[in-house]
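Visitor: Residue numbers (my numbering): 76 to 160.
Ideal Cβ positions, reconstructed from N, Cα and C, are used throughout, including at glycine.
1) If you measure between the beta carbons of residue 114 and residue 135, is that distance less than 8 Å?
2) Counting C-beta neighbours from all protein chains within 10 Å, is the total for residue 153 16 or more, i.e. buried, or is it exposed?
3) What number of angstroms, rounded off, separates the C-alpha of residue 102 from the C-alpha of residue 156?
4) Classify residue 115 as helix, strand or coil using the three-state DSSP reduction.
5) Just tell me which of 108, 104, 99 has its CA closest to the CA of residue 142.
6) Thinking residue 128 and residue 122 are a contact (beta carbons under 8 Å), I'd like their distance in whole angstroms, please.
7) Rounded to the nearest angstrom, what separates residue 139 and residue 99 at their Cα positions?
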């Protein structure tokens, strides 16, 4: 019996300025939804990974009445990751 190598491929390091790798005029929106301490922790993690400066995030915003509506532009899609803290 033979086994395939299950080691995930090594991904290249993220560029210091991710926006420079996007086509002109395009953007991606990142939304962090969770407990404030977890949001801050994730913001600092992304900063430590040189993905984005902490100052580029908005202040924490309370979700009124626990309701949130996302309005995508035509042809936009969504992908979601839930990470247990």
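Guide: Once the coordinates are examined:
1) yes
2) exposed
3) 19 Å
4) helix
5) 108
6) 6 Å
7) 34 Å
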